[in-house]
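Trainee: Here's a structure for you.
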Amino acid sequence: MTDEPVVGIDLGTTNSVVAFVNPAGAAEAIADEDGQRTIPSVVHFPEGGDPVVGSLAKQQAVVDPHRVAAAFKRGMGRRTFLDDDREFVVDGTTYPPEALSAMVLKKLKQAAEAHFRGEVRKAIITVPAYFGDAERKATVTAGEMAGLDVLRVINEPTAAALAHGLGGDAEAGTILVFDLGGGTFDVTVMAVGADGSLEVKSTGGDHRFGGLDFDRLIVDRMAAVVQAETGADLRADPYAHQDALAKAEEMKKELSRKETSTRPLTAGGRSVMFTLTRAEFDGLLAESGHLQEAEDHIINTIEDAGMEPGGITSVLMVGGSSRIIAFKDLVERVIGREPQFSKNLDEDVARGAAFMAAKLEETVDPDGPGAALAQLPTPVDVASRGLGVQALDSQGGGQLVNVVLIDANTPVPAHAEQTFGASRADQTDLELVLTEGEETDLDFVTELGRTKGTFSKPVPLGHPVTVRLEYSVDQRITAKAIDGHSGDLLCELEVKSETAISDDEKAALLSTLANTTIG
9 MTDEPVVGID LGTTNSVVAF VNPAGAAEAI ADEDGQRTIP SVVHFPEGGD
59 PVVGSLAKQQ AVVDPHRVAA AFKRGMGRRT FLDDDREFVV DGTTYPPEAL
109 SAMVLKKLKQ AAEAHFRGEV RKAIITVPAY FGDAERKATV TAGEMAGLDV
159 LRVINEPTAA ALAHGLGGDA EAGTILVFDL GGGTFDVTVM AVGADGSLEV
209 KSTGGDHRFG GLDFDRLIVD RMAAVVQAET GADLRADPYA HQDALAKAEE
259 MKKELSRKET STRPLTAGGR SVMFTLTRAE FDGLLAESGH LQEAEDHIIN
309 TIEDAGMEPG GITSVLMVGG SSRIIAFKDL VERVIGREPQ FSKNLDEDVA
359 RGAAFMAAKL EETVDPDGPG AALAQLPTPV DVASRGLGVQ ALDSQGGGQL
409 VNVVLIDANT PVPAHAEQTF GASRADQTDL ELVLTEGEET DLDFVTELGR
459 TKGTFSKPVP LGHPVTVRLE YSVDQRITAK AIDGHSGDLL CELEVKSETA
509 ISDDEKAALL STLANTTIG
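The sequence shown begins at 9 in the numbering used here and counts up by one.
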């Protein structure tokens, strides 16, 4: 056992939570200085002051929209996340999504340290199951910039299922986790054992699909009504637009409890009362294709597990947007059974991560009241996407194609290898282009990055060179080139996304954040 505190963190698109496991083996979310356990993932940069994260930052979006960053999780592993694909810049400084996420993580770290009255460094951070390599690495980078030792990243549906199971609510069988949050969407099929074990069979989803998109549907309807009555476009005024977005979020949540919601809107100096019914909201979700997209992901993920909907024995709804009645009804219709909602819908992902962190670090006495946690088998997850390399088509023609080495939904950790011939005489190096996706055509896969390694010895033209990909339990990639005859290691290759922040940027941001108190 160790006495060093360890936490689980749900780094969400719209809200984030930090949790720990107490000596009795129960997971608890930690409140910030304002008593809030669910902290908005929003950063405000006040003029001349330190960044502010959380509810106060979210409130500033209406009055100071150009100095507020939100929804940056959608840009993890990329340079941009804003609607018009711009980088976020304040006072001449560019803040990539990793840096903004680091500020949220530091806020959570500060809350945990206030709770424990001491330093907190070790954490497990959750990510959407459908996050790829670049996004996962960016999440680890954000944690490091916040001063955390990231023990592992785990998938959000797996964490939610862990929390659900350790709460005594899960039964042996096959569970479908429908995880619809503020900005991301995952569907996961997993087997739950009688001993509480979890084995993921398949996963699918879209990491740019969630509550934010539904808010914008409501704003579009608001804009149409306001323009019809006043002739003004509320979206043209950033202050009126932010006010509309805030009210759209309120109405969306209210329509999960009531049949009708009404809010006042202002544009062009005039006020308009806007009313939306639940039936109208359902219509917006249907007309936009969001309901059909969700249904397609459910069916495809079940098929990827080699099953039919009737084989699902229970459904767990996770994420704040899963409260929307239209999605609950959709899941019930497709699966044929009423879904379950976790008791702590907004906290369960962080609680599950805390359980996993406590198990890994052995913070709970195996002979005490938390014995069930100590005996829990480690969950088995799967690769969310296929992984491969670019290579010349073996059928000839000199065309580059995608060669998949690790298939999607392969249990992790995993490794795979394929042998190619050296492309030139006395070859001394190898440039590897790593890909993510299942298609052969390179137009339909994502290039993860290019990496080059120098061989420990030259090899002749046509000499077999084996490329080996290794996929860790937290779904990060390493690559090796091996002599196909002798088995000698020719080189190890570090895989770094071309869109990731540079080492110099990371060092500068680390220095800045180390000397910054997040409000």
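We put the beta carbon where it would ideally sit given N, CA and C, even for glycine.
Curious, which full-length alpha helix (DSSP H) runs of at least 4 residues does the stretch 83 to 159 contain?
Mentor: Runs found: 105 to 124 and 141 to 153.
Trainee: Starting from the Cα of phenylalanine 333, find the closest Cα among Ala313, Ile320, Asn308 and Arg286 and give me that residue.
Mentor: Along the sequence shown, one-based indexing puts residue 333 at 325. The displayed chain sequence assigns isoleucine, not phenylalanine, to residue 333. Of Ala313, Ile320, Asn308 and Arg286, the residue nearest in Cα terms is Arg286.
Trainee: Could you pull out every residue in the same chain whose Cβ sits closer than 7 Å to the Cβ of threonine 418, ignoring the five residues on either side in sequence?
Mentor: Within the sequence shown, numbered from 1, the residue matching residue 418 stands at position 410. Hits under 7 Å: Val390 and Ala391.
Trainee: Let me know the alpha helix (DSSP H) ranges lying completely inside the stretch 171 to 240, each 4 residues or longer, listed in chain order.
Mentor: 219 to 238, all fully within the stretch 171 to 240.
Trainee: Can you have a look at glutamine 118 and say buried or exposed, based on whether 16 or more other CB atoms are within 10 angstroms of its CB?
Mentor: Numbered from 1 along the sequence shown, position 110 holds the residue referred to as residue 118. With 16 or more other Cβ atoms within 10 Å, it is buried.
Trainee: What three-state label does DSSP hand asparagine 352 in the structure shown?
Mentor: Mapped onto the sequence shown, residue 352 falls at position 344. Residue state, collapsed to three classes: coil.
Trainee: The beta strand (DSSP E) spanning lysine 465 covers which residue range?
Mentor: For the purposes of this step, residue 465 is identified with residue 457 of the sequence shown, where counting begins at 1. Segment 454 to 467, the beta strand (DSSP E) holding lysine 465.
Trainee: Going straight from the alpha carbon of aspartate 434 to that of valine 503, what length do you get?
Mentor: Walking along the sequence shown from the start, residue 434 turns up at place 426. Walking along the sequence shown from the start, residue 503 turns up at place 495. Answer to the nearest angstrom: the Cα atoms are 24 Å apart.
Trainee: Tell me the rounded alpha-carbon separation between isoleucine 133 and threonine 10.
Mentor: Within the sequence shown, the letter at position 125 stands for residue 133. Within the sequence shown, the letter at position 2 stands for residue 10. Taking the straight line from one Cα to the other gives about 20 Å.
Trainee: Determine, using beta carbons only, whether lysine 66 and proline 48 come nearer to each other than 8 Å.
Mentor: Along the sequence shown, one-based indexing puts residue 66 at 58. Along the sequence shown, one-based indexing puts residue 48 at 40. Their beta carbons are under 8 Å apart, which means lysine 66 touches proline 48 by this criterion.
Trainee: Along the chain, where does the alpha helix (DSSP H) that runs through histidine 471 open and close?
Mentor: Locating residue 471 in the sequence shown gives position 463, where the first residue counts as 1. Run containing histidine 471: none; DSSP gives neither H nor E here.
Trainee: Is the beta carbon of leucine 475 sitting closer than 8 Å to the one on valine 409?
Mentor: Position 467 of the sequence shown, counted from the start, is the residue given in the question as residue 475. Position 401 of the sequence shown, counted from the start, is the residue given in the question as residue 409. Note on identity: in this sequence residue 475 is valine, with leucine being the wrong assignment. Cβ distance not < 8 Å, so valine 475 and valine 409 don't count as in contact.
Trainee: From this set, Phe452, Ile183 and Arg359, which residue's C-alpha is nearest arginine 393's C-alpha?
Mentor: Counting from 1 along the sequence shown, the entry for residue 393 is found at position 385. Of the candidates Phe452, Ile183 and Arg359, the one whose C-alpha sits nearest the C-alpha of arginine 393 is Phe452.
Trainee: Specify, as a first and last residue, the run of the alpha helix (DSSP H) that glutamine 300 falls within.
Mentor: Position 292 of the sequence shown, counting from 1, holds the residue named residue 300. It spans 298 to 312 - the alpha helix (DSSP H) in which glutamine 300 sits, taken as one unbroken run.
Trainee: Is it right to say alanine 32 is buried, meaning 16 or more other beta carbons lie within 10 angstroms of its own, or is it exposed?
Mentor: The residue labelled residue 32 in the question sits at position 24 within the sequence shown. Answer is exposed; the Cβ neighbour count stays below 16.
Trainee: For a test of the three-state rule: what should DSSP assign to threonine 22, helix, strand or coil?
Mentor: As a working mapping, residue 22 is identified with position 14 in the sequence shown. Three-state result, threonine 22: coil.
Trainee: Helix or strand or just coil, what does DSSP make of lysine 266?
Mentor: By 1-based counting over the sequence shown, the position of residue 266 is 258. In the structure shown, lysine 266 sits in coil (DSSP, three-state: anything other than H, G, I, E or B).
Trainee: With DSSP as the reference, please indicate the residues paired to glutamate 425 in a beta bridge.
Mentor: As a first step, residue 425 is located in the sequence shown; it is residue number 417 there, counting from the start. Arg476, per the DSSP bridge assignment.
Trainee: Work out the CA separation of serine 109 and threonine 525 for me, nearest whole Å.
Mentor: Locating residue 525 in the sequence shown gives position 517, counting from the first residue. Locating residue 109 in the sequence shown gives position 101, counting from the first residue. If you take the alpha carbons of threonine 525 and serine 109, they lie about 15 Å apart.
Trainee: Between the stretch 346 to 362 and the stretch 209 to 216, are three or more C-beta pairs nearer than 8 Å?
Mentor: At 8 Å Cβ cutoff, the stretches do not touch.
Trainee: Taking the alpha carbon of valine 280 as the reference point, which residue from Met230, Thr149, Glu257 and Leu381 has its own alpha carbon closest?
Mentor: As a working mapping, residue 280 is identified with position 272 in the sequence shown. Considering only alpha carbons, the answer is Met230.
Trainee: Just to check my reading of the structure: histidine 215 and phenylalanine 139 have Cβ atoms closer than 8 Å, yes? What is that Cβ distance to the nearest angstrom?
Mentor: Reading the sequence shown from its first residue, position 207 is the one you call residue 215. Reading the sequence shown from its first residue, position 131 is the one you call residue 139. Confirmed, Cβ separation roughly 6 Å.
Trainee: Decide if the stretch 157 to 172 is in contact with the stretch 493 to 503; the criterion is three or more beta carbon pairs, one per stretch, under 8 Å apart.
Mentor: Cβ pair count under 8 Å is below three, so no.
Trainee: At the level of alpha carbons, what is the spacing between serine 24 and alanine 232?
Mentor: On the sequence shown, position 16 is the one that residue 24 refers to. On the sequence shown, position 224 is the one that residue 232 refers to. When rounded, the distance between both Cα atoms is 33 Å.
Trainee: Mapping DSSP to helix, strand and coil, what is arginine 345?
Mentor: For this step, residue 345 is matched to residue 337 along the sequence shown. Looking at arginine 345 - three-state DSSP - the assignment turns out to be coil, as it is neither helix nor strand.
Trainee: Between the stretch 442 to 459 and the stretch 418 to 433, are three or more C-beta pairs nearer than 8 Å?
Mentor: Segments in contact, no.
Trainee: Let me know the secondary structure DSSP gives aspartate 437 once reduced to three states.
Mentor: Translated into the one-based positions of the sequence shown, residue 437 becomes position 429. Three-state result, aspartate 437: strand.
Trainee: Below 8 Å on the Cβ atoms is my guess for threonine 22 versus leucine 220; work out the distance and round it to an integer in Å.
Mentor: What you label residue 22 is simply residue 14 of the sequence shown in a count that begins at 1. What you label residue 220 is simply residue 212 of the sequence shown in a count that begins at 1. Going by Cβ atoms, the distance from threonine 22 to leucine 220 rounds to 7 Å, so yes, they are a contact pair.
Trainee: Relative to the alpha-carbon of alanine 142, which residue among Ile490, Ser464 and Arg458 has its alpha-carbon at the smallest distance?
Mentor: Walking along the sequence shown from the start, residue 142 turns up at place 134. Selected option, being the one with the closest Cα: Arg458.
Trainee: Mind checking serine 510: buried by the 16 CB within 10 Å criterion, or exposed?
Mentor: Counting from 1 along the sequence shown, the entry for residue 510 is found at position 502. That one is exposed.
Trainee: Rounded C-beta distance between valine 197 and alanine 313? I'm assuming under 8 Å.
Mentor: The residue you call residue 197 lines up with position 189 of the sequence shown. The residue you call residue 313 lines up with position 305 of the sequence shown. Right, the Cβ-Cβ distance comes to about 4 Å (below 8 Å), so this counts as a contact.
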